[in-house]
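Here's the structure, in structure tokens; my notes come after.
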Amino acid sequence: MADKKVVTIDDRIPALKEKRKKRTNRRLITYLSIFFILILVVIYFQSPLSHVRNIEVNGAVHLNDGEFVNRSGIEEGISIWNADLNEAETNIKEMKQINNVSVERSLPSTVLISVNEYKRLAYVEINNSYSPVLQSGTILRNDTEQELPADAPILRNFNDEDKLEVFTEELTQLGEGVLNRISEVVHTPKEDDNNALRLYMNDGIEVASTINNFASYMSSYPSVAREVDADAAGVLHMKMSPYFESTADETTEEKEENGEEE
């Protein structure tokens, strides 16, 4: 039987002491780390390092960054922890142009405002200026543009507020594929149809439609337009049953009556 190795108590004591020393050192390092972290946290909170030095705005399209910063109520120089982010979000969300917003802290000293504006579906011509019609259906009458906008259709001759409101609601239901093809919409009331519309499309086709059920009537425009020659003289009627009304014969007859040659 092999002899067992006998470890005396004198041999074990140094090893135990070394283990205890290492354990004590690790514990001391942990306590010191926590202590210094707490000191740094206190210094951060008490110093200008925790003050708001930057307010960044992401997602602004039609409004400038300064309008969102002012509306938020957050100012540079205040403690970043005293900034009321919920109140800032509420203030900005009250703006008619805003669909959604979030306000967050970005340590050490930045407040980040992320906004999502409602898309502008059209512009209403009022007294030679243009008021945006938002995706929400809201018309920004106090936010006018003097130059002719090119990013959405122009609505002309909508003098009846009720009809404008109804048509705006129809626009919110219209798909972007059709909306992006419209250049101009003119309200052309007639004796037999007070809701009559005349549309001028970006592809060169002239369209006749009506305010009521406009979104439904125009939904098939892409497929119907493919069957129409954009250079042909006439009007595409987009109502319950779409059809193309040629005016070529009328033009020829008018010329003949005036004694003009083709």
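The numbering of the sequence shown is the working numbering, which starts it at 258 and goes up by one. Each residue gets a CB set at the ideal place from its N, CA and C atoms; glycine is no exception. Bear in mind that the values here come from a model prediction, so they are computed numbers and not experimental data.
Counting along the chain, no beta strand (DSSP E) covers Y375, and no H or E run does either. Here the C-alpha atom of N470 lies approximately 15 angstroms from the C-alpha atom of V464. DSSP, read as helix, strand or coil, puts M458 in strand. Counting along the chain, the unbroken beta strand (DSSP E) around V314 starts and ends at 311–315. A straight-line Cα-Cα distance of about 36 angstroms links K376 and S503. Fully enclosed alpha helix (DSSP H) runs of no fewer than 4 residues occupy 418–429, 433–436 of the stretch 390–443, in order along the chain. Y474 sits buried, since 16 or more C-beta atoms from the chains shown fall within 10 Å of its C-beta. In terms of Cα proximity to G491, the closest of L456, S480, I468, F292 is L456. Straight across, the Cα-Cα distance linking L364 with L431 is about 43 angstroms. Here the alpha carbons of A407 and L493 stand approximately 24 angstroms from one another. The straight-line gap separating the alpha-carbon atoms of N356 and N373 is approximately 6 angstroms.
Between S366 and R310 the beta-carbon gap is near 4 angstroms, inside 8 angstroms, which marks them as a contact. Between the stretch 436–449 and the stretch 413–421, the count of Cβ pairs shorter than 8 angstroms is three or higher; the stretches touch.
Burial check for V318: the Cβ neighbour count within 10 Å stays below 16, so the residue is exposed.
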